[in-house]
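**Q** So in the working numbering the end of the sequence shown lands on 255, straight run, no missing numbers.
A single structure is presented below for examination.
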Amino acid sequence: MADRVERRLALQTERGAALEARLRRLLAPLAGDERVLDVGCGTGAFAYAIAPLVGEVVGVDRSTEYIAAAREHAPDGCSFVEGDATSLPFPYGGFDLVGCLRVLHHVGRPELVVSELVRVTRPGGRILVADQLGDVDPLRSLELDRVERARDPSHTRLLPDADIRGYLDANDLVVTANEIVRERRDVDRYLDLVGLEGAERDRVARLVPAVLEVDVGWYLARKPL
C-alpha cells in the first residue's frame, strides 16, 4: 500500500498545476472565502489544487492510508477526515462547493454519492463532478472496464455521460458547465505510474493499444436555492 500511495502522490504532483489551472477556469469567479469539500479525496489532489483559491478545504476518504498521506503533505487551510462517500459525516448545507473527482466509477451505487454531495452543499452552492466516461459502444466500455479493473481492483464500472447527467438531473441540479476532455495516455508510462509489474502488467498491456484514449467528463452544477 505504501508504494501505491507514493505513486499517487508523484502523479498528483505532476498533474497539480494543470488541475489548478482547470479549476481556476471552470469555477471562476471565486470569492476566496469558500468552504470546500473534496469527496473521495484520496491523497488530496483536488484539495491541494483548490486550496490556494478558497478559504477552507476538507477532504474525506474511507482509506486510512490515503488520509494519512494527505494530512502529511497538506497545504494551509486543508484538513482530512475518514468517511464514506455514500454517508458523509457532515450536516446539511455545510459547504459552498463540493467536488467529487474520479470517484463515481469506484462506487456500486453512484446515485447515493450524488445525493450526498447535494445534501452537504448549501442552497445556491455548487457541485463539481469529474470522471472517466464509459463509451456509447458497449464493447468499448467493456474493454475500458477491464483495463481499469486490472489497474485498480476497486473499480466498479465506467459511467456513460448520460448516466452522470441523469444523477444530476434527479437531484434538480442545474448544470452550468460541462466539458468532455479526451486524454491520451502512453500505456507503458501509465502502468509504471500505477505500479503494475510482471505477469499482471503484461496482461493489462495486451488489452490496450500503446496509446490509450479515454474521455473524462467534467460537470459543474448549482444547487437550487
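Yeah, the Cβ is synthetic: ideal placement off N, Cα and C, and Gly gets one too.
1) Could you pull the DSSP bridge partners for Gly72 from this structure?
2) Rounded to the nearest angstrom, how far is the Cβ of Glu86 from that of Gly107, given a contact under 8 Å?
3) Could you say which of Thr186, Val246 and Tyr197 lies nearest to Arg212 if we only look at CA atoms?
4) Using beta-carbon positions only, say whether Ala160 and Leu131 come within less than 7 Å of one another.
5) Under the rule that 16 or more other beta-carbon atoms within 10 Å means buried, what is Asp63, buried or exposed?
6) Grab me the residues of Pro105's own chain with a C-beta within less than 8 Å of its C-beta, minus the 5 sequence neighbours each way, in chain order.
7) Measure the Cβ-Cβ separation of Arg156 and Leu127 and say whether it is below 7 Å.
8) Using the rule of at least 16 other Cβ atoms within 10 Å of the residue's Cβ for burial, across every protein chain shown, is Val204 buried or exposed?
9) Excluding the 5 residues flanking Tyr29 on each side, which residues of the same chain have their C-beta closer than 8 Å to its C-beta?
10) For the beta strand (DSSP E) containing Arg152, name the first residue and the last one.
11) Looking only at DSSP bridge pairs, what is Leu172 linked to?
12) What number of angstroms, rounded off, separates the C-alpha of Leu255 from the C-alpha of Ala229?
13) Could you give the DSSP three-state label for Ala240: helix, strand or coil?
14) Use the C-beta contact count for Glu146: other C-beta atoms within 10 angstroms, 16 or more gives buried, fewer gives exposed.
15) Is the distance from the Cβ of Thr186 to the Cβ of Gly129 below 7 Å?
16) What separation, rounded to the nearest whole angstrom, lies between the Cα atoms of Val241 and Arg214?
17) The alpha helix (DSSP H) that contains Leu118, what's its start and end?
18) What whole-angstrom Cβ distance do Ala192 and Leu250 have, given they're in contact under 8 Å?
19) How long is the line joining the alpha carbons of Val144 and Val133, rounded to whole angstroms?
20) If you draw a straight line from the alpha carbon of Glu243 to that of His136, how long is it in whole angstroms?
21) How should Gly113 be labelled, buried or exposed, when 16 other C-beta atoms within 10 angstroms of its C-beta is the threshold for buried?
**A** The answer reads as follows:
1) BP columns for Gly72 are empty, so no partner.
2) 5 Å
3) Val246
4) yes
5) exposed
6) Around Pro105, the same chain offers Tyr78, Ala81 and Pro82 as residues with beta carbons nearer than 8 Å, after the five sequence neighbours per side are excluded.
7) yes
8) exposed
9) Only positions 31 to 255 of the chain appear in this structure, which leaves residue 29 out of reach.
10) In this chain, the beta strand (DSSP E) harbouring Arg152 covers Thr151 to Gln162.
11) DSSP lists no partner for Leu172.
12) Approximately 53 Å, taken between the alpha carbons.
13) In this prediction, Ala240 has a pLDDT of 44, which is less than 50 and means its spatial position is unreliable; what the coordinates show is noted afterwards. Here Ala240 sits in coil by DSSP.
14) Only buried fits Glu146, as 16 or more other CB atoms lie within 10 angstroms of its CB.
15) no
16) Here Val241 scores only 47 on pLDDT, less than 50, and its place in the model should not be relied on; the value that follows carries that caveat. Roughly 6 Å between the two C-alpha positions.
17) Element bounds for Leu118: n/a, residue is neither H nor E.
18) Between Ala192 and Leu250, the beta carbon gap of about 18 Å keeps them out of contact (Cβ cut-off 8 Å).
19) 11 Å
20) 20 Å
21) buried
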